[in-house]
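Numbering (our numbering), first residue to last: 1 to 107.
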Amino acid sequence: MSRSTPELLSEALVHLELASSYAGVDDLDQLVIDAICMRLSAGIEVLARLDPNARSRLFGGNWQFMWGMRNRIAHGYLMVDSDIVQQTIETDLPDIVRAVKRELSGV
């Protein structure tokens, strides 16, 4: 059974907002970085199930970078740089969350 766009967006939003909330702790130790990575990966995987046109509309050329981040987390876990994860949470994730929320409000 395929899931609707709003269902996919809502699930992705849960993962992405949790990743963001985990980053709010004072000490980003390895356990917190791991939790953030798992939520980022899960959220991006859910977004990958969207119709390609919807993904393009939401994320444009950034999708390839988002999927690349997911691949790095999923396949090269020991090579995930915690500074890049933190930078992603601080600079990229807010725009992604806004795009998902905007799409949800218009769906």
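Cβ coordinates follow ideal geometry from the N, Cα and C atoms, glycine included.
query: G24 by DSSP, collapsed to three states: which one?; result: coil
query: Could you compute how far the alpha carbon of Q64 sits from the alpha carbon of Q87?; result: 17 Å
query: For the ligand ZN, is there a heavy atom less than 7 Å away from the beta-carbon of A48?; result: The ligand ZN is absent from the structure shown, which contains no ligand whatsoever.
query: If you measure between the beta carbons of A48 and L93, is that distance less than 8 Å?; result: no
query: Around the Cβ of L40, are there at least 16 other Cβ atoms within 10 angstroms (buried) or fewer (exposed)?; result: buried
query: On the DSSP letters alone, give me the boundaries of the alpha helix (DSSP H) that R55 sits inside.; result: P52 to F59
query: Can you tell me whether DSSP reads V80 as helix, strand or coil?; result: coil
query: Looking at C-alpha atoms only, which residue of H15, D26 and E45 is the closest neighbour of G35?; result: For the record, residue 35 in the displayed sequence is Ala; it is not Gly. When only C-alpha atoms are compared, the closest one is H15.
query: Determine the closest residue to I84 out of E17, N53, L28 and S4, with distance taken between C-alpha atoms.; result: L28
query: Are the CB atoms of F59 and M69 nearer to each other than 8 Å?; result: no
query: Whose C-alpha, out of L31, V25, V46 and G61, is nearest the C-alpha of S4?; result: V46
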